[in-house]
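Take a look at the structure:
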């Protein structure tokens, strides 16, 4: 009896941390910027000074630091001042600006008839200026490839010893998916997040939303699902191969569908894609399939980032 | 000035404060949290500017996913340093352990 | 608008390369390589057809992407200059991929080689799109792809130095992209269009009424600084030697020859089509670019002389050559722009040859890149020595080779510029930098041909290495010997560029 109250009294007095051996906090390694700067400088000097003689003496190094800081602050302030001055002289937001509104007028007035989408933004990014969105989805894919190259475990970067970084010290860390609170809350929340994400995705052309928004929400749902349920269950739902195939098919579909539309449009042919009734789910011509493709790419990319950061493979 | 204007000005000032505060935090964990709050403020500003698409995306990506990725990175660089220290202590190697002091400068 | 099927080819180049990215992600290593090489050959055939078509019809054609014409939809445009530059880029890319394929297998982990080819394909798509684009925001989107892929092909070789160099490269490039986007946003705010030709009309109207001048000036200035950071103009070139010095040879060749030139080409296109060349000739930004280019020429060569590692020397000389191109844009006039574009092609060909021969020279010297260990490597590996010498002579500016023709064109442009100070400055800088180039390149050539009885001899000759080197050397000689023909093509292209 007195044991429990002793613990409570200790905690009240600030001596005892009830979460000490339960969560992943590790007090021996500090988080502070000074330590990190020192370690970084050590690592950088090790890499740089392999084989080359020491270039700067200590005093020179300190002088260089001082000059560097002064120049950095001065350049930042200069850039801030110049940009503020420029923006102050720009024409006012919302009024008849810019002078020529030919482009915006047509988007607003005939956007609904020409694209079939109530959400004009979705019409613009996936119909009028679809080429830019094609590039943007490939930007996401490129980022995923670069992160894969950097972080995926292979024979050269010797990270194959550790499947998941929670087991690095062979200390039993707090497995998130065995925690009852996160598991139960996840069971309720994750399906709701997925349903919301699919709703935002499918209603891209009728209301706010679209490929990027819906895809990000679904990606966030996948991440929370992994945290709540663990890797074994999640790998049965979406495995590495599935994610790869989904990304490839979505991007290929986007390239060829839009390539077909550009080809027929430029040569004056008719592309036989029905516009549908505005307001229905199946409307807007190609906007719905492209939204789904973009959403899939975004979701798989976000999930891929999380996996690469956490366990070293997608 | 209408109420929305006052709210907009407060939020914009809060943005600048967050951006400057990221530099002056004591630990990196605090910096990541300030970054996530920056994204949340940005999300509200998008809503006030009548673009809900951007608000949903900013909330999911900025405050959610990129914050999580930052925290995972922090976790990982701590663990990597610990592992390297342990290996070094275990095998008893010194820092500069190359045969010719690295003067060969190979490709 | 005509009915020829060839007008669809620019679209096909972009879409096929974009599709090949995810495709190579799914393929295995060998199939990815064959697919990439096959795709490049196909693209070369298509772009040659476009070049022939635009030369015979004598005008550029605009290709509407979708059903909506400009300024509501997107457009790409192909003329003689774009097709010629795209052709040179594709040939250099093909040669770099084939020529460095042995080192791709050595340097990169087995499981990531297909990812490398993914990045190469996406980079090809980005280069093609930035060459053909007629819209400033499409230029930005594909500029992002180019930035990310160029960082990716650096990181893929996992030694400590490349990761550090890639992080520095990424930070500088992201700063440049951010500034470019700020400039685009400012210009969009005052003109209301994103396609280049309607923007030019709006800017002309605004300048005659003298309103929003601050926004236009600042937009243009910030955009220029962004692209100058990314391409490596004089004060911003310090990330270059680390980046190119330790990358796998294909990456070094592609980055130094193609990526920087693509940014300069985009900047040049913006000056020609968004601002308008008559307005540009009156802006003081030209003189700033000229001065920075001249300083870059001299500073790059001085830093190259002090390098003790052959890859760093070649990388610093890259910074000097970028200075040449900016000097050409700064001189202005028809001949100046022709000289700048000619040097873009000449340098692309020469620099990739250099980056593909240095690893072979170091291979026969026990793997070291330091000068004192490279003695006699030209005798031990005759092929690499010959190609290195050809490229060095071209960089110095010996007649027959491409470097001489471009220096001659620069001198002609300086004389034609009409301003005495410009002519004197440019001539002095040309002479000084040629002399400095000669110092460090001839020193290297002498060193690699000095007899050294120790060291291994290489007797096996890889056909897959000879073919791309022969392609590059033939292009070099063609640009040198038939420079009047190529200069004529560039002038024809410039007349339809605006």
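Chains as they are written, first to last, in the working numbering: chain Z, 1 to 314; chain C, 1001 to 1107; chain X, 2001 to 2498. For every residue, glycine included, the Cβ atom is placed at its ideal position computed from N, Cα and C. Since the structure is predicted, the reported quantities are computational estimates derived from the model, not experimental observations.
**Request:** Tell me residue 2247(X)'s beta-bridge partners as DSSP assigns them.
**Result:** The residue you call residue 2247(X) lines up with position 247 of the third chain. For residue 2247(X), DSSP assigns no beta-bridge partner whatsoever.
**Message:** Please state whether the Cβ-Cβ distance between residue 2097(X) and residue 2040(X) is less than 8 Å.
**Reply:** Start at 1 with the first residue of the third chain, and residue 2097(X) comes out as number 97. Start at 1 with the first residue of the third chain, and residue 2040(X) comes out as number 40. In contact: residue 2097(X) and residue 2040(X) (Cβ atoms closer than 8 Å).
**Prompt:** residue 2264(X): which of 2284(X), 2127(X), 2281(X), 2472(X) sits nearest, CA to CA?
**Reply:** One-based indexing of the third chain puts residue 2264(X) at position 264. Comparing Cα positions, the closest option is 2127(X).
**Request:** Measure how close the beta-carbons of residue 2076(X) and residue 2018(X) come, nearest whole angstrom, since I'm counting them as under 8 Å.
**Result:** Within the third chain, the letter at position 76 stands for residue 2076(X). Within the third chain, the letter at position 18 stands for residue 2018(X). The C-beta separation of residue 2076(X) from residue 2018(X) comes to about 14 Å, leaving the pair out of contact by the 8 Å criterion.
**Message:** Report the CB separation of residue 2293(X) from residue 2324(X) in whole angstroms; it is logged as a contact under 8 Å.
**Reply:** Residue numbering aside, residue 2293(X) sits at position 293 when the third chain is read from its first letter. Residue numbering aside, residue 2324(X) sits at position 324 when the third chain is read from its first letter. The Cβ separation is near 7 Å, so the contact holds.
**Prompt:** Which whole runs of the alpha helix (DSSP H) in the region 177 to 211 of chain Z are 4 residues long or more, in chain order?
**Reply:** Whole alpha helix (DSSP H) segments, 4+ residues: 180 to 202.
**Request:** Tell me whether residue 2496(X) sits in a helix, a strand or coil according to DSSP, three-state version.
**Result:** For this step, residue 2496(X) is matched to residue 496 along the third chain. Assigned with DSSP and collapsed to three states, residue 2496(X) falls in coil, not helix or strand.
**Message:** Suppose you measure from the CA of residue 2144(X) to the CA of residue 2262(X); what does that come to, to the nearest Å?
**Reply:** Taking the third chain and counting its residues from 1, one reaches residue 2144(X) at position 144. Taking the third chain and counting its residues from 1, one reaches residue 2262(X) at position 262. One C-alpha to the other measures close to 13 Å.
**Item:** Sequence ranges, beta strand (DSSP E) only - wholly within the region 2105 to 2191 of chain X, length at least 3
**Value:** Here no run is fully enclosed.
**Asked** How would you call residue 1048(C), buried or exposed, if buried means at least 16 neighbouring beta carbons within 10 angstroms?
**Response** Stepping through the second chain from its first residue, residue 1048(C) is reached at position 48. Residue 1048(C) sits exposed, since fewer than 16 C-beta atoms from the chains shown fall within 10 Å of its C-beta.
**Prompt:** Rounded to whole angstroms, how far is the Cβ of residue 2341(X) from the Cβ of residue 2080(X), which I believe are closer than 8 Å?
**Reply:** Residue 2341(X) sits at position 341 when you count from the first residue of the third chain. Residue 2080(X) sits at position 80 when you count from the first residue of the third chain. Wrong, their Cβ atoms sit about 11 Å apart, outside the cutoff.
**Message:** Tell me whether the region 2192 to 2207 of chain X and the region 2167 to 2174 of chain X touch, counting them as touching only if at least three CB pairs, one residue from each stretch, are closer than 8 Å.
**Reply:** Segments in contact, no.
**Message:** For residue 2232(X) and residue 2429(X), what's the separation of their Cα atoms in angstroms?
**Reply:** Residue numbering aside, residue 2232(X) sits at position 232 when the third chain is read from its first letter. Residue numbering aside, residue 2429(X) sits at position 429 when the third chain is read from its first letter. Rounded to whole angstroms, residue 2232(X) to residue 2429(X) spans 19 Å at the Cα level.
**Request:** Consider the Cβ of residue 45(Z): report whether some Cβ of chain X lies at a distance smaller than 8 Å.
**Result:** As a first step, residue 45(Z) must be located in the first chain, where it is residue number 45. For residue 45(Z), the answer is no, since every Cβ of chain X falls outside 8 Å of its Cβ.
**Request:** Give the range of the beta strand (DSSP E) segment to which residue 1022(C) is assigned.
**Result:** Position 22 of the second chain, counting from 1, holds the residue named residue 1022(C). Membership of residue 1022(C) in any beta strand (DSSP E) is not indicated, and neither H nor E is assigned to it by DSSP.
**Anticipated Cβ contact below 8 Å, residue 2063(X) with residue 2006(X), distance rounded** = To locate residue 2063(X), count along the third chain from 1; it is residue 63. To locate residue 2006(X), count along the third chain from 1; it is residue 6. Incorrect: roughly 11 Å between the Cβ atoms, too far for contact.
**Request:** Determine, using beta carbons only, whether residue 117(Z) and residue 265(Z) come nearer to each other than 8 Å.
**Result:** Along the first chain, one-based indexing puts residue 117(Z) at 117. Along the first chain, one-based indexing puts residue 265(Z) at 265. No. Outside cutoff.
**Message:** Quick check: the Cα distance between residue 2197(X) and residue 1014(C), rounded to an integer number of angstroms?
**Reply:** Reading the third chain from its first residue, position 197 is the one you call residue 2197(X). Reading the second chain from its first residue, position 14 is the one you call residue 1014(C). So the two alpha carbons sit approximately 40 Å from each other.
**Asked** Which residues in chain X sit within 8 Å of residue 274(Z), going by Cβ to Cβ distance?
**Response** To locate residue 274(Z), count along the first chain from 1; it is residue 274. Per Cβ cutoff of 8 Å: no residues; residue 274(Z) is ~14 Å from chain X at best.
**Prompt:** By how many angstroms is the C-alpha of residue 210(Z) removed from the C-alpha of residue 203(Z)?
**Reply:** Position 203 of the first chain, counted from the start, is the residue given in the question as residue 203(Z). Position 210 of the first chain, counted from the start, is the residue given in the question as residue 210(Z). Approximately 7 Å between the Cα atoms of the pair.
**Message:** Less than 8 Å between the beta carbons of residue 214(Z) and residue 201(Z), yes or no?
**Reply:** For this step, residue 214(Z) is matched to residue 214 along the first chain. For this step, residue 201(Z) is matched to residue 201 along the first chain. Yes, they are a contact pair.
**N-terminal and C-terminal residue of the beta strand (DSSP E) that residue 2064(X) is part of** = Residue 2064(X) sits at position 64 when you count from the first residue of the third chain. In the DSSP annotation of this structure, the continuous segment of the beta strand (DSSP E) that includes residue 2064(X) starts and ends at 2061 to 2065.
**Request:** Write down the C-beta distance between residue 2153(X) and residue 150(Z) rounded to the nearest angstrom, noting that I regard them as a contact closer than 8 Å.
**Result:** Translated into positions along the third chain, residue 2153(X) becomes position 153. Translated into positions along the first chain, residue 150(Z) becomes position 150. That belief does not hold up - the Cβ atoms of residue 2153(X) and residue 150(Z) are roughly 12 Å apart, past 8 Å.
**Prompt:** Taking DSSP as the reference, what is the three-state secondary structure of residue 153(Z)?
**Reply:** Against the first chain, residue 153(Z) aligns to sequence position 153. In the three-state DSSP reduction, residue 153(Z) falls in the coil class, being neither helix nor strand.
**Item:** Integer-rounded CB distance, given that residue 290(Z) should sit under 8 Å from residue 252(Z)
**Value:** On the first chain, position 252 is the one that residue 252(Z) refers to. On the first chain, position 290 is the one that residue 290(Z) refers to. Contact doesn't hold; Cβ gap of about 13 Å is too wide.
**Request:** Please check if any C-beta of chain C sits within less than 8 Å of the C-beta of residue 220(Z).
**Result:** Position 220 of the first chain, counting from 1, holds the residue named residue 220(Z). Yes, its Cβ sits closer than 8 Å to a Cβ of chain C.
**Request:** State whether the region 2131 to 2141 of chain X contacts the region 2023 to 2042 of chain X, with contact taken as three or more CB pairs (one from each stretch) at a distance under 8 Å.
**Result:** By the Cβ test, the region 2131 to 2141 of chain X is not in contact with the region 2023 to 2042 of chain X, since fewer than three Cβ pairs between them sit closer than 8 Å.
**Prompt:** Name the DSSP bridge partner or partners of residue 2309(X)?
**Reply:** Along the third chain, read from residue 1 onward, the residue named residue 2309(X) stands at position 309. Residue pairing by DSSP places residue 2309(X) opposite 2370(X) in a beta bridge.
**Asked** Along the chain, where does the alpha helix (DSSP H) that runs through residue 2077(X) open and close?
**Response** As a working note, residue 2077(X) is residue 77 in the third chain. Not the alpha helix (DSSP H): residue 2077(X) falls in the beta strand (DSSP E), residues 2074 to 2078.
**Message:** Would you say residue 149(Z) lies against chain X (beta-carbon separation less than 8 Å)?
**Reply:** Working through the first chain from its first residue, we reach residue 149(Z) at position 149. Yes, residue 149(Z) lies at the interface with chain X (some Cβ there is under 8 Å from its Cβ).
**Request:** Could you list which residues in chain Z have their beta carbon closer than 7 Å to that of residue 1008(C), in chain order?
**Result:** Translated into the one-based positions of the second chain, residue 1008(C) becomes position 8. By Cβ distance, chain Z contributes nothing, its closest Cβ being about 11 Å from residue 1008(C), past 7 Å.
**Asked** Looking at chain X, which residues of the region 111 to 140 of chain Z have a Cβ within less than 8 Å of any of its Cβ atoms?
**Response** Interface annotation for the region 111 to 140 of chain Z against chain X: 114, 127, 128, 129, 130, 131, 132, 134, 135, 136, 138, 139, criterion Cβ-Cβ distance under 8 Å.
**Prompt:** residue 2407(X) lies in the alpha helix (DSSP H); which residues open and close that run?
**Reply:** If you number the third chain from 1, residue 2407(X) lands on position 407. First-last of the alpha helix (DSSP H) with residue 2407(X): 2402 to 2416.
**Request:** Determine the closest residue to residue 2300(X) out of 2287(X), 2311(X), 2280(X), 2321(X), with distance taken between C-alpha atoms.
**Result:** As a position in the third chain, residue 2300(X) is number 300, starting the count at 1. Here the closest residue by C-alpha is 2321(X).
**Item:** Proximal chain Z residues relative to residue 1053(C), where beta-carbon distance stays under 7 Å
**Value:** The sequence position of residue 1053(C) within the second chain is 53, counting from 1. Those within 7 Å of residue 1053(C) in chain Z are 121, 208, 209, 210, 213.
**Message:** Against chain X, with Cβ distances strictly below 8 Å, would residue 225(Z) count as a contact?
**Reply:** In the first chain, counting from the first residue as 1, residue 225(Z) sits at position 225. Judged by the 8 Å Cβ criterion, residue 225(Z) is not in contact with chain X.
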